[in-house]
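Participant: In the numbering used here, the protein residues as written are 6 to 148.
Sending over a structure as structure tokens; questions will come in a sec.
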């Protein structure tokens, strides 16, 4: 790896660390909690398998996370009436409140970024991030 690539990776590391930081007490749902709650909120009575597919993770890993979220009171899990082997997931009123707070944090961060980057730079960064994400995902899929 050349120095330019090393500098790029270090820059990406710094940005990701900064974006993941939360003030003390705000780490309630952990990494990806917003996206997970958003999916559950948008699709009531969704089977865990469908959520896992959307997130690109194993159902068993998702179930571990859902058990913790259920204990925190932000979601409910119930057996599907048609197929008792399947659990469906819904967001609770407490979960809706947490989701709304997280939306507010994301909007605030969006405004901060808009103050740093121009609209064209945001478009370029989005395009490059999508390209990099797709390329890295495809890297894992090739033999």
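All C-beta atoms in this analysis are idealised placements derived from N, C-alpha and C, irrespective of residue type, glycine included.
At what residues does the alpha helix (DSSP H) containing residue 123 begin and finish?
Facilitator: Counting from 1 along the chain shown, the entry for residue 123 is found at position 118. Note, residue 123: premise wrong, no alpha helix (DSSP H); not H, not E.
Participant: Just tell me which of 8, 97 and 82 has its CA closest to the CA of residue 90.
Facilitator: As a position in the chain shown, residue 90 is number 85, starting the count at 1. Among 8, 97 and 82, the Cα nearest to that of residue 90 belongs to 82.
Participant: In terms of residues, what are the limits of the beta strand (DSSP E) holding residue 83?
Facilitator: Here residue 83 corresponds to residue number 78 of the chain shown, with the count starting at 1. That run of the beta strand (DSSP E) goes 80-84.
Participant: Count the other CB atoms, across all protein chains shown, that sit within 10 Å of the CB of residue 56; report buried if there are 16 or more and exposed otherwise.
Facilitator: Walking along the chain shown from the start, residue 56 turns up at place 51. By the 10 Å Cβ count, residue 56 comes out buried.
Participant: What does a CB cutoff of less than 7 Å around residue 30 pick up in its chain, not counting 5 residues either side in sequence?
Facilitator: The sequence position of residue 30 within the chain shown is 25, counting from 1. In this predicted model, residue 30 has a pLDDT of only 48, less than 50, meaning its place in the structure is not dependable; the value taken from the coordinates is given anyway. Once the five neighbours on either side are set aside, residue 30 has no close Cβ partner at all.
Participant: Would you list, in sequence order, the uninterrupted beta strand (DSSP E) runs of no fewer than 3 residues that lie entirely inside the stretch 102-144?
Facilitator: none
Participant: Note down the Cα distance separating residue 22 from residue 52, rounded to an integer number of angstroms.
Facilitator: To locate residue 22, count along the chain shown from 1; it is residue 17. To locate residue 52, count along the chain shown from 1; it is residue 47. Using only the alpha carbons, I get a separation of about 32 Å.
Participant: What residue from 49, 70, 135 and 54 has the CA that sits closest to residue 37's CA?
Facilitator: Along the chain shown, read from residue 1 onward, the residue named residue 37 stands at position 32. Minimum Cα distance to residue 37 is reached at 70.
Participant: Between the C-alpha atoms of residue 41 and residue 102, what's the straight-line distance to the nearest angstrom?
Facilitator: For the purposes of this step, residue 41 is taken as the residue at position 36 of the chain shown. For the purposes of this step, residue 102 is taken as the residue at position 97 of the chain shown. Those two C-alpha atoms are separated by around 14 Å.
Participant: Using a Cβ-Cβ cutoff of less than 6 Å, which residues in the same chain neighbour residue 54 once the five nearest sequence positions on both sides are dropped?
Facilitator: Walking along the chain shown from the start, residue 54 turns up at place 49. Excluding sequence neighbours, residue 54 sits near 64.
Participant: Hey, would you say residue 7 sits closer than 9 Å to residue 49, going by beta carbons?
Facilitator: By one-based count along the chain shown, residue 7 stands at place 2. By one-based count along the chain shown, residue 49 stands at place 44. Not closer than 9 Å, so no.
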